[in-house]
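*Asks:* Numbered per the numbering used here, the sequence shown spans residues 5 to 119. Please see the structure below; I have some questions.
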Amino acid sequence: QVQLVESGGGLVQAGGSLRLSCVASGTGFSISAMGWYRQAPGKQRELVAITSGGTTNFGDAVKGRFTISRDNAKNTVYLQMNSLKPEDTAVYYCYARDIRGGGHWGQGTQVTVSS
Numbered sequence: 005q006v007q008l009v010e011s012g013g014g015l016v017q018a019g020g021s022l023r024l025s026c027v028a029s030g031t032g033f034s035i036s037a038m039g040w041y042r043q044a045p046g047k048q049r050e051l052v053a054i055t056s057g058g059t060t061n062f063g064d065a066v067k068g069r070f071t072i073s074r075d076n077a078k079n080t081v082y083l084q085m086n087s088l089k090p091e092d093t094a095v096y097y098c099y100a101r102d103i104r105g106g107g108h109w110g111q112g113t114q115v116t117v118s119s
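In structure tokens form, the structure reads like this:
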């Protein structure tokens with residue numbers, strides 16, 4: 005079983021930056037992909053960014069503003085969010101896919117961007 009713990013959310017003004025972190029832990033697991041999704045009130049969960057091997061994909065809404073990085077030695081993925089907008093307000097969920105194809109979710113961290 006994989007456990008994911010997010011940190012770094014909070015309140016920020018529009019135009020500001022935040023950095024989210026997610027640490028994966030557990031026994032007997034190997035992760036193939038890690039990334040972030042978000043869900044705003046009344047909306048479906050959407051992809052923010054995900055990285056697997058040498059491939060990284062971003063949601064259209066965050067391209068050019070957010071970057072994702074991963075430290076495999078620490079089983080950690082980071083999301084650097086710049087030029088934040090009020091529409092980025094959401095609960096951000098860490099996601100990991102193991103090598104057997106199983107998906108795992110963190111509990112989520114709130115990001116609120118004030119105008």
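In this text, a Cβ means the ideal position worked out from N, Cα and C, and glycines have one as well. For clarity, every value in this text was computed on a predicted model and none was experimentally measured.
Going by CA-CA distance only, name the one from Y82, T116, R104, V117 that's closest to G32.
*Replies:* The sequence position of residue 32 within the sequence shown is 28, counting from 1. Comparing Cα-Cα distances from G32 to each of Y82, T116, R104, V117, the minimum goes to R104.
*Asks:* Should L8 and A28 be called a contact, given that it needs their Cβ atoms to be closer than 8 Å?
*Replies:* As a first step, residue 8 must be located in the sequence shown, where it is residue number 4. As a first step, residue 28 must be located in the sequence shown, where it is residue number 24. Yes, the Cβ-Cβ distance between L8 and A28 is below 8 Å.
*Asks:* When you compare the CB positions of A18 and K89, do they come within less than 8 Å of one another, or not?
*Replies:* By one-based count along the sequence shown, residue 18 stands at place 14. By one-based count along the sequence shown, residue 89 stands at place 85. Against a cut-off of 8 Å, the Cβ pair of K89 and A18 comes out as a contact.
*Asks:* Can you tell me whether A53 is buried or exposed, with buried defined as 16 or more other CB within 10 angstroms of its CB?
*Replies:* Counting from one through the sequence shown, the residue named residue 53 turns up at place 49. That one is buried.
*Asks:* Compute the Euclidean distance between the alpha carbons of Y97 and M85, then round it to the nearest angstrom.
*Replies:* On the sequence shown, position 93 is the one that residue 97 refers to. On the sequence shown, position 81 is the one that residue 85 refers to. C-alpha separation (whole angstroms): 14 Å.
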